[in-house]
Amino acid sequence: MRVALYPGSFDPVTNGHLNIVERGVAAFDRVIVGVAHNVRKQPLFTPEERVDMLRQAIGDEPRVEVVAFRGLLIDYAVKRQATVILRGLRAVSDFEYEFQMAHMNRRLAPEVDTVFMMTGEEHFYVSSNLVREVARFGGDVSAFVPSHVKTMLQGKFKS
Ligand code: PNS
204 MRVALYPGSF
214 DPVTNGHLNI
224 VERGVAAFDR
234 VIVGVAHNVR
244 KQPLFTPEER
254 VDMLRQAIGD
264 EPRVEVVAFR
274 GLLIDYAVKR
284 QATVILRGLR
294 AVSDFEYEFQ
304 MAHMNRRLAP
314 EVDTVFMMTG
324 EEHFYVSSNL
334 VREVARFGGD
344 VSAFVPSHVK
354 TMLQGKFKS
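Residues 204 to 362 in this note's numbering are what the sequence shown spells out, letter by letter.
In C-alpha cells:
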C-alpha cells in the first residue's frame with residue numbers, strides 16, 4: 204500500500220492543487236491531503252474552512268482523505284505511515300524552497316521520500332497568493348479555483 208501525503212497551506216485550494224491530487228491518486232494507492240497550520244503565514248481561511256473547501260472540491264473519492272495537521276510535516280507523515288510526501292512544482296522559483304524542505308525532511312526521516320509532480324502547464328502560473336490578491340481587488344478568479352472557492356473568497360472580501 205503506497206500512501207502519499209500531499210501537504211500544503213491550500214489558502215485557498217486552486218485548480219493547480221486539484222490537478223496534483225488527481226494525478227496523485229493515479230500514482231499512489233491513497234493520498235492524504237494535509238492542510239498545515241502554517242506558522243510562517245497568516246492565513247485568510249481557517250484550517251476548517253480549507254479542509255471543507257478541499258473536501259467539496261474532491262468529492263466522493265474513497266482513496267483521498269483531507270485532514271488538517273499541526274506540527275512537523277515529517278512527524279505527521281511517519282505517524283500516518285506515508286512513504287511519500289507529494290509536492291507540485293511550478294516554476295523555477297519554487298525550486299529552492301522545495302529543495303531545502305525535501306532535504307530537511309529526508310534528514311529527519313530518511314524512510315520518507317519527497318516526490319515532485321510538475322504542475323500542468325495551464326496551472327503553472329497560478330498560486331494561492333495571486334488568487335487571493337486578484338480576489339481581494341475584485342478580479343475574476345473563476346479560471347483558477349472551483350466555483351465554491353470563488354464564492355468563499357467573495358465572502359471574505361465583501362466588506
Ligand atoms: O502550500 P505551502 O505553503 O507551500 O506548504 C508548505 C508546507 C505546509 C508544506 C510547509 O510549510 C510545512 O511542511 N509546514 C509544516 C511545518 C514543518 O514541517 N516545517 C518544516 C519543513 S522542512
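All residues carry an ideal CB built from backbone N, CA and C; glycine is no exception.
Endpoints, alpha helix (DSSP H) assigned at residue i
| i | result |
| --- | --- |
| Asp-179 | Residue numbering for the chain in the displayed model covers 204 to 362; residue 179 lies beyond these limits and cannot be assessed. |
| Arg-339 | 331-339 |
| Arg-310 | 298-311 |
For residue i, the three-state DSSP class (helix, strand or coil)
| i | result |
| --- | --- |
| Ala-230 | helix |
| Asp-343 | coil |
| Asp-278 | helix |
| Glu-325 | coil |
| Thr-354 | helix |
| Val-224 | helix |
Contact under 9 Å by Cβ, residue i with residue j
| i | j | result |
| --- | --- | --- |
| Gly-211 | Phe-327 | no |
| Phe-248 | Lys-359 | yes |
| Val-206 | Gln-284 | yes |
| Val-216 | Ala-260 | yes |
| Val-269 | Val-287 | no |
| Val-234 | Leu-275 | no |
| Ile-277 | Ala-312 | yes |
| Asp-343 | Val-352 | no |
Buried or exposed by the 16-neighbour rule on C-beta atoms within 10 Å, applied to residue i
| i | result |
| --- | --- |
| Gly-214 | Just to set this straight, residue 214 is Asp in the shown sequence, not Gly. Asp-214 comes out buried. |
| Tyr-279 | buried |
Where the beta strand (DSSP E) containing residue i begins and where it ends
| i | result |
| --- | --- |
| Glu-366 | Outside the shown range of the chain (204 to 362) lies residue 366, about which nothing can therefore be said. |
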